[in-house]
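Contents: one structure, followed by commentary.
In this note's numbering, the protein residues as written are 2 to 436.
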């Protein structure tokens with residue numbers, strides 16, 4: 002097992018990883034930008050290093066500086082969190098070159114799975130239906146040609162995307178040039194990778210994702226599905242597990258097919274396979290995220306399995322000590338993402354409590370929210386024996402949560418979970434339209 006890990010991230014995920022390391026007896030190293038000098042993850046880590054200016058390209062995306070900090074600290078491994086460099090094969094290779102373990106898939110695995118078309122072929126060969134799409138598109142003209150072949154509407158997506166960034170819907174050829182340029186620019190700014198690909202737009206549909214965990218011995222466990230259909234501009238707002246739209250028989254079939262596909266590609270680590278569930282009950286495979294998801298806490302609360310700890314153990318060569326039959330998917334869990342509507346200084350924070358209530362955050366009184374990074378302040382997660390009880394618990398928790406000095410979406414989240422359509426479970430990706 003590692004004795005010291007550098008966390009190559011910031012915000013709530015850096016705090017989450019540091020806490021997991023502390024519980025495992027592992028020393029932690031934080032990196033921070035000039036804007037994050039007084040951040041919570043810096044205070045919690047055993048040691049910390051400034052890696053540059055406030056812009057991500059100057060700090061959290063600067064691979065050489067991140068690796069230099071790891072080497073200077075004597076860390077043995079690097080945990081990338083999500084976003085930033087978490088799915089960057091070049092960074093994983095740079096870590097390996099310098100004798101550091103990248104806590105995630107190998108550079109070769111990332112390179113292999115970054116070929117979206119090839120990955121879809123593998124998934125189709127293992128029984129999953131796949132959305133028609135392309136490989137990386139070199140220019141807007143290639144995107145126009147692909148759009149004509151696939152048929153509009155289509156979606157342009159950043160290859161290294163996540164968090165809803167780098168995605169553009171295109172409904173007609175005359176929109177392609179601008180949409181392509183915007184997707185490329187956003188991918189470059191957010192992930193240091195401007196490559197994009199195209200998919201057919203399936204509509205209406207629900208966004209369903211399956212959490213997997215795999216070790217070097219070839220053991221693969223599926224930890225159920227999450228429903229992420231409440232989104233605005235491709236940014237997830239609410240996630241729940243299990244999905245009210247997925248039956249037990251559908252779940253078993255989906256998890257069996259997913260496990261087989263993950264074994265076929267020889268994947269090791271934490272990963273998420275994303276699907277669109279159409280009105281006919283068909284699951285269309287979209288992509289595989291090769292990292293920890295923002296919403297991983299939903300699965301942790303439902304299954305009582307700590308994904309961050311297992312991510313670290315698997316990276317250290319430890320085999321899973323449980324199998325699929327040991328995974329308990331009973332009960333219901335829901336998460337509301339608490340976002341800042343605009344930058345501000347936190348003057349008061351009150352976090353709700355009670356059994357099975359969790360708030361993952363980096364907020365501390367006096368903190369000024371920076372305009373340079375993602376607007377996510379924290380994730381409010383609750384668990385209960387039934388979906389109805391979980392929704393009541395979430396409403397109570399939202400009413401108790403106080404974040405003063407920063408304009409947030411707490412009120413909106415309360416309205417969303419109180420909406421009769423959401424409460425019924427009969428919602429899809431159109432839920433936020435017109436709001």
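By construction, the Cβ of each residue, glycine as well, lies at the ideal position given by its N, Cα and C atoms.
Bear in mind that the values here come from a model prediction, so they are computed numbers and not experimental data.
Cβ neighbour criterion (16 or more within 10 Å) applied to residue i
i	result
residue 140	exposed
residue 253	exposed
residue 106	buried
residue 290	buried
residue 294	buried
residue 419	exposed
residue 11	buried
residue 354	exposed
residue 410	buried
residue 72	exposed
residue 42	buried
residue 46	buried
residue 312	buried
residue 223	buried
residue 414	buried
residue 423	buried
residue 383	buried
residue 324	exposed
residue 304	buried
residue 108	buried
Selected residue, minimal CA-CA separation from residue i, among the options
i	options	result
residue 297	212, 84, 193, 208	212
residue 44	126, 52, 422, 29	29
residue 86	174, 49, 116, 190	190
residue 350	369, 395, 217	369
residue 99	79, 301, 22, 194	79
residue 282	246, 260, 288	246
residue 396	294, 386, 358	358
residue 341	332, 363, 327	363
residue 437	273, 194, 173, 316	In the structure as shown, the chain begins at 2 and stops at 436. Residue 437 is therefore absent and cannot be evaluated.
residue 266	5, 112, 81, 27	112
residue 316	81, 405, 61	81
residue 53	33, 39, 40	33
residue 92	161, 120, 123	161
residue 431	67, 5, 234, 61	234
residue 62	38, 19, 88, 76	88
residue 406	83, 319, 366, 333	366
residue 83	94, 165, 48	165
residue 115	128, 137, 124	137
residue 151	123, 101, 203	203
residue 1	40, 436, 248	As displayed, the chain neither begins before 2 nor continues past 436, which places residue 1 out of reach and without an answer.
Terminal residues of the beta strand (DSSP E) in which residue i lies
i	result
residue 1	Here the chain covers residues 2 to 436 and nothing more, so residue 1 does not appear.
residue 28	28 to 34
residue 202	Run containing residue 202: none; DSSP gives neither H nor E here.
residue 80	78 to 80
residue 434	Neither: residue 434 is in no beta strand (DSSP E) and is coded neither H nor E.
residue 250	Per DSSP, residue 250 belongs to no beta strand (DSSP E); it is in the alpha helix (DSSP H), 249 to 265.
residue 48	48 to 53
Expected contact under 8 Å - CB spacing of residue i and residue j to nearest Å
i	j	result
residue 155	residue 171	5 Å
residue 207	residue 278	4 Å
residue 373	residue 56	6 Å
residue 361	residue 13	5 Å
residue 177	residue 144	5 Å
residue 35	residue 51	7 Å
residue 200	residue 237	Not a contact, Cβ separation roughly 18 Å.
residue 31	residue 49	4 Å
residue 272	residue 243	Not really, about 19 Å apart at Cβ, beyond 8 Å.
Residues sharing a beta bridge with residue i, DSSP
i	result
residue 176	DSSP, once it has assigned bridges, lists no residue as partnering residue 176.
residue 346	369
residue 377	340
residue 277	208, 285
residue 242	334
residue 5	28
residue 214	222, 271
residue 392	In DSSP, residue 392 forms no bridge with anything.
residue 362	379
residue 232	237
residue 290	273
residue 97	According to DSSP, residue 97 bridges with nothing at all.
residue 385	333
residue 103	79
residue 111	For residue 111, which the question treats as bridged, DSSP gives no partner whatsoever.
Where the alpha helix (DSSP H) containing residue i begins and where it ends
i	result
residue 19	12 to 25
residue 72	64 to 74
residue 419	411 to 419
residue 408	From DSSP, residue 408 is part of no alpha helix (DSSP H); its letter is neither H nor E.
residue 298	297 to 304
residue 87	Premise fails: residue 87 is in no alpha helix (DSSP H) and is neither H nor E.
residue 148	141 to 151
residue 324	No alpha helix (DSSP H) holds residue 324; DSSP gives it neither H nor E.
Proximity test, Cβ basis, 8 Å: residue i and chain D
i	result
residue 75	The question asks about chain D, but that chain is absent: this structure has only one protein chain.
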